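Before any comments, here is the structure.
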Amino acid sequence: MPPFVHLHVHTQYSLLDGAIRLTDLLETARSHQMPAVAITDHGNMFGALEFYEKCTKAGIKPIVGCEVYLAPKSRFDRQAESGGGNGELDRNYHLLLLARDHEGYKNLMKLVSRAYLEGFYYKPRLDKQLLREFCGGLIGLSACLKGEIASYLLRRQEESARKAALEYAEILGEGNFYLELQANGIPEQAVVNEGLIRLARETGLPLVATNDCHYLRRSDARAHEILLCIQTGKTVLDERRMRFHTDQLYFKSPDEMAREFAHVPEALTNTMAIADRCQLKIELGTYHFPVFSLESDETIEECFARTARDGLDKRLEQLGRHRGALDSSQLQTYEERLRYEVEVIQKVGFAAYFLIVADFINYAKKRGIPVGPGRGSAAGSLVAYAMAITDLDPIEHGLIFERFLNAERISMPDIDVDFCQDRRGEVIDYVQARYGRDQVAQIITFGTLQARGVLRDVGRVLQMPLQL
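Here the sequence shown is numbered in my numbering, starting from 34 and rising by one per residue.
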C-alpha cells in the first residue's frame with residue numbers, strides 16, 4: 034500500500050452532513066491497512082472520545098481534530114464580509130486543526146468551546162487572536178474550498194493567499210502548518226490545488242493530501258445529497274439547495290490517493306509524517322472530582338459518614354412523627370442498610386460525589402428552588418435519602434441499592450436531579466462559583482434518525498406523496 038492516512042474525515046457527528054459511522058470508518062481504515070485515521074467534524078468534538086476509545090480497541094492510532102470555523106475578522110463581529118465581486122458573503126472560513134498531544138487536545142477543546150460561547154454567528158467561530166492564545170500542541174491544515182487561502186486563490190488574489198498562509202504558519206509555529214490538497218473532483222479544487230503547489234514552492238510550506246471525506250463509498254453520494262436536503266429543509270428538485278457537485282468525497286483507498294497525487298508524492302508521505310507526530314494519550318477510567326472543601330480536620334470519608342449518619346437521624350425523627358415510633362427491628366434495618374451503603378460508597382471512592390450533589394441540592398432548597406423527589410436508580414439509596422438528595426424512603430418502597438451502586442461492578446453512580454426549569458440557571462451558577470467553571474459541564478443529548486422518521490424525511494426530500 035502507498036503511504037497514506039486520511040486526515041480530513043467528517044463522521045456522523047458532523048450533524049446531518051457527515052454520513053460516516055465510527056465503527057464503519059475504522060473497519061474501512063483497517064481494510065486499507067491504514068495505521069491511523071483522523072476525525073475532523075465541523076465545528077465540534079462531539080465524537081472525539083468515542084472515536085478515541087474505538088480506535089484504541091481496534092489497534093488504530095486516533096488523530097483527534099476539528100474543522101473549525103474562523104471569523105473573517107473578530108469572533109465578536111456579527112456580520113459577513115464581502116466575498117469579492119461574486120455577490121457571496123463570507124461569514125466564516127474553514128481551518129483544519131489536529132491535536133499533536135494532550136496539550137493540543139485541551140487547547141482544541143478550549144477553542145471549540147469559546148467558539149460556541151463567544152463567536153456563534155450561524156456557526157461557532159473562533160478568530161486568529163483566539164488561535165494565537167491556544168495554539169500549543171496543534172497542527173493546522175488549510176482546509177477545503179471554504180478555507181481562507183483557497184478563497185483568495187479562487188479570486189486570483191495570490192498575494193493575499195500568500196500572506197494568509199504565512200500568518201497561519203507564524204501562529205501555529207514552524208513545521209505546524211500544511212497546505213491541504215484535495216482530490217474531490219470539483220473543478221474549482223483543481224484551480225486551488227495548482228495555486229497551493231505554487232505557494233508551497235514560493236514559501237517552503239509543506240503540502241498534504243486529503244479528501245474531505247463525508248461518506249465511505251462513492252455509491253453513498255446520493256444518500257449524502259438527501260441528508261443535506263434534510264438538514265437544510267430543501268428537496269432534490271430545488272436547484273438552489275446546498276449540494277456538493279461531486280461524488281468524490283468518499284474514503285478513498287491509498288492506491289486511489291496515490292494516483293491522484295502522483296505528481297506531488299510528498300503530499301502523501303506527509304500524511305504519515307503528521308500521523309507519526311500526533312501522539313495523543315487520553316487517560317480513561319479515572320475519576321476527577323472537584324475539591325469539596327472541609328471546614329474541620331475531618332477527611333472526606335469522615336465528613337461523608339457523619340453527614341449521612343446525621344441525616345438519617347433527622348429522617349427517622351420525621352418518620353416517627355408521621356408514622357409512629359419505629360420498633361427496634363425497623364431501626365436495625367435502617368442502621369444496617371446505612372452502614373452497608375456508607376462502606377460501599379467509601380470503598381469505591383465516591384464519598385466526595387455524594388457530598389457535592391447534596392451541597393447543591395441543599396443550596397437550591399434553601400433558596401426556594403423546587404427540586405424533584407428523585408428518580409432513577411438513585412432512589413434505591415438510603416444514603417441519598419438520608420442526605421436529602423432524594424425524598425423517597427427506599428426501605429419503605431422496597432428499592433434496591435445494588436441497582437444504583439454495586440461494589441463488585443464499579444461504575445460512576447448516576448444521580449438524576451430535577452430542578453425548576455425557570456431557576457435551574459441559579460443552581461448552575463452556584464456550582465460554577467463553588468467548584469470552578471473548569472469543573473462544570475453541561476451534557477448534550479443527540480437525536481438520531483429512526484426508521485419511521487427517516488422514511489418521512491426522505492419521502493419529503495424526494496417529493497413523494499405522504500400516503501406512500
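A virtual CB, placed ideally from N, CA and C, is assigned to each residue, including glycine.
Small disclaimer: the values here were computed from a predicted structure and weren't measured.
Comparing C-alpha distances from T319 to each of S193, I389, L495, S444 shows the shortest one belongs to S444.
Boundaries for K139: no beta strand (DSSP E) harbours it, while the alpha helix (DSSP H) harbouring it runs 135-151, taken from the DSSP string. Judged by their CB atoms, E191 and R251 are not nearer to each other than the 9 Å cut-off. Counting of Cβ neighbours within 10 angstroms places T243 among the buried residues, the total reaching 16 or more. Among the bridge pairs identified by DSSP, C99 is matched with D74, L130. DSSP, reduced to helix, strand and coil, places N439 within a strand of the structure shown. By the Cβ rule, the stretch 44-53 counts as touching the stretch 68-75, because three or more pairs are nearer than 8 Å. Taking C-beta atoms under 8 Å as the contact rule, L187 and V241 fail to qualify, at a distance of about 20 Å. Residue environment analysis places K347 among the exposed positions, since fewer than 16 neighbouring C-beta atoms fall within 10 angstroms of its C-beta. L58 and V97 have their C-alpha atoms spaced approximately 14 Å apart. Exposure of S64 is indicated by the presence of fewer than 16 other C-beta atoms within 10 angstroms of its C-beta. Annotation: F479 to F79 spans about 10 Å, alpha carbon to alpha carbon. For Q45, there is no enclosing beta strand (DSSP E), as DSSP marks it with neither H nor E.
Positions of the beta strand (DSSP E) runs, each at least 3 residues long and wholly inside the stretch 224-297, are given as 240-243 in order along the chain.
With a cutoff of 9 Å on beta-carbon distance, E213 and L199 are scored as not near each other. Boundaries cannot be given for I93, as no beta strand (DSSP E) includes it and DSSP labels it neither H nor E. Secondary structure at A308: helix, using DSSP grouped into helix, strand and coil.
Sorting G382, P298, N77 by C-alpha distance to the C-alpha of A338 places G382 at the top. For F337, the uninterrupted alpha helix (DSSP H) segment begins and ends at 333-356. A148 and G76 do touch by the CB rule: their CB atoms are close to 7 Å apart, below 8 Å. Around the beta carbon of G208, a 10 Å sphere encloses fewer than 16 other beta carbons of the protein chains shown; the residue is thus reported as exposed. Judged by their CB atoms, A419 and A411 are not nearer to each other than the 9 Å cut-off.
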